[in-house]
Structures are given as C-alpha cells and as structure tokens.
Amino acid sequence: MKIAVLGATGMAGSRIVAEALARGHQVTGIARKAEGLKDHPGLAKVAADVTDPGFAQHLRGHDAVVSALHFQTLSEPALAAILNAAGVKRVLIVGGAGSLEVAPGVMLIDTPEFPEAWKPFARPGVEFLAALHGENGLEWTFISPSAFFEPGSRTGVFRVGGDQLLVGADGRSAISAEDYAVALLDEIEKPAHVRARMTVGY
C-alpha cells in the first residue's frame with residue numbers, strides 16, 4: 001500500500017513509518033524537518049507544514065493517511081478538508097488516552113488522577129474525536145494508546161479494545177510506541193474499526 005504519515009519524525013510517527021516500511025509498504029514521511037528521517041528505499045521524504053496552502057497535493061494517490069500530529073496543530077475540520085481535496089478517504093488518527101472511559105460515561109481526563117498539566121494537550125483530542133463522530137465522508141479510525149505511551153520494545157503481544165481504558169494485570173495502563181505502531185498497521189491492512197475508536201494496551 002501507499003501510506004502517508006503526518007508528523008513522521010515524532011515518537012509515534014517515526015515508529016509507524018518504521019513498521020510500515022518493515023512490512024513492505026511505500027511510505028511518504030511528512031514533517032517540517034523531514035531530513036531527520038533515515039533513508040530507506042521505500043520511503044519518500046516530504047518537508048512540509050500541514051498548514052501550508054496546497055498541502056493536499058502531498059497526499060494525492062495514497063491509500064491511507066496517518067496523522068500523528070498534535071491536536072493543537074490541526075483540527076478535525078481542517079484535516080477533513082485536506083483529505084477531501086486530496087481525494088483520500090482512509091485516515092488513521094494517533095489519539096490520546098484522555099477520552100477513554102474508566103467508568104460508564106466517565107473519561108480519564110475528568111478523573112482526579114489525570115494530571116492538570118496534561119489537560120491543555122489532551123482536551124483538543126477529546127474534541128477531535130467528538131468531531132470525527134459527525135464525519136460521514138471519511139473512513140476514519142481514532143486509535144487511543146493506553147495511559148502510559150512511551151518508547152519501548154516491539155513485542156507484538158497486546159490487547160485491542162474499544163472506548164474503555166485497558167489496564168494490565170499489574171494495574172498499569174501502558175503500551176510501547178513500537179507495539180502501538182504494530183496495532184495501527186494491522187488496522188490499515190485489515191480494517192476492523194472503520195468510523196470508530198479503538199485502543200491498544202498490555
């Protein structure tokens with residue numbers, strides 16, 4: 001497949017690029033400083049800002065687009081407009097854990113345990129997901145990581161859930177960025193959560 005990754009040099013984006021290339025896909029890695037990406041025969045590097053006029057040209061002809069951008073950078077309506085202009089329907093969003101439910105109707109972001117300092121970054125993700133639910137033109141999937149999302153190992157062993165926060169037997173909610181990338185590429189190759197949110201964790 002031909003896959004474009006927005007935010008390709010970030011923690012999640014770089015691992016998604018690596019996983020896609022390892023599976024033999026053609027990847028367009030897009031970032032403001034794309035030269036930070038390692039050279040690979042299957043990788044096309046594009047240095048661009050998603051807010052640039054005419055950005056959609058970089059996405060034309062792709063089978064799927066992955067957005068690993070911060071939610072402060074790009075709103076859902078703005079992303080939808082770019083994808084529509086590019087003629088791309090399939091989009092996967094690197095989401096956050098804040099919108100996951102810890103009890104019926106109770107999101108993680110609204111619990112006392114959720115750090116106050118994280119809320120300005122997490123709240124736009126909640127709003128982005130809400131906007132996606134009203135989006136009928138795109139074949140979207142919003143993929144929330146578990147609460148602790150950081151670099152680690154690629155084990156290929158994890159659980160996939162829906163709207164509820166996944167917590168492991170050790171009481172911790174976590175997923176490595178490497179295993180998150182595995183789950184995201186699995187969803188690209190065999191879509192099971194189109195127009196839905198999914199989560200992944202140990």
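Sequential numbering from 1 applies to the sequence shown in UniProt numbering. Glycine residues also receive a C-beta, built at the ideal position from the N, C-alpha and C atoms. This structure is a prediction, so every number in the text was calculated from the model and none was measured.
When C-alpha distances from I93 are compared across S144, G29, E150, L165, the shortest belongs to S144.
For V200, the closest of D170, I175, V126, I16 by C-alpha to C-alpha distance is I175.
Spanning the alpha carbons of E139 and R195 requires a straight line of approximately 6 Å. The beta carbons of G42 and Q26 sit closer together than 8 Å. The continuous beta strand (DSSP E) containing A4 extends over residues 2–6. The Cβ atoms of G96 and G125 sit closer than 8 Å to each other. By the neighbour-count definition (other C-beta atoms within 10 Å, threshold 16), F121 is an exposed residue. Under the three-state reduction of DSSP output, G161 falls in the strand class.
Cβ atoms of T9 and G36 come within 8 Å of each other, at about 5 Å.
Approximately 31 Å separates the beta-carbon atoms of F114 and I82; this is outside 8 Å, ruling out the contact.
Within the segment 31–95, the complete alpha helix (DSSP H) segments at least 4 residues long are 76–86, listed from N- to C-terminus. Taken through DSSP and simplified to helix, strand or coil, G137 comes out as coil. The beta carbons of P151 and A181 sit no closer together than 8 Å. The alpha-carbon of R23 is positioned some 21 Å away from that of F142. If you check the CB distance, T28 and H70 do not come in under 8 Å.
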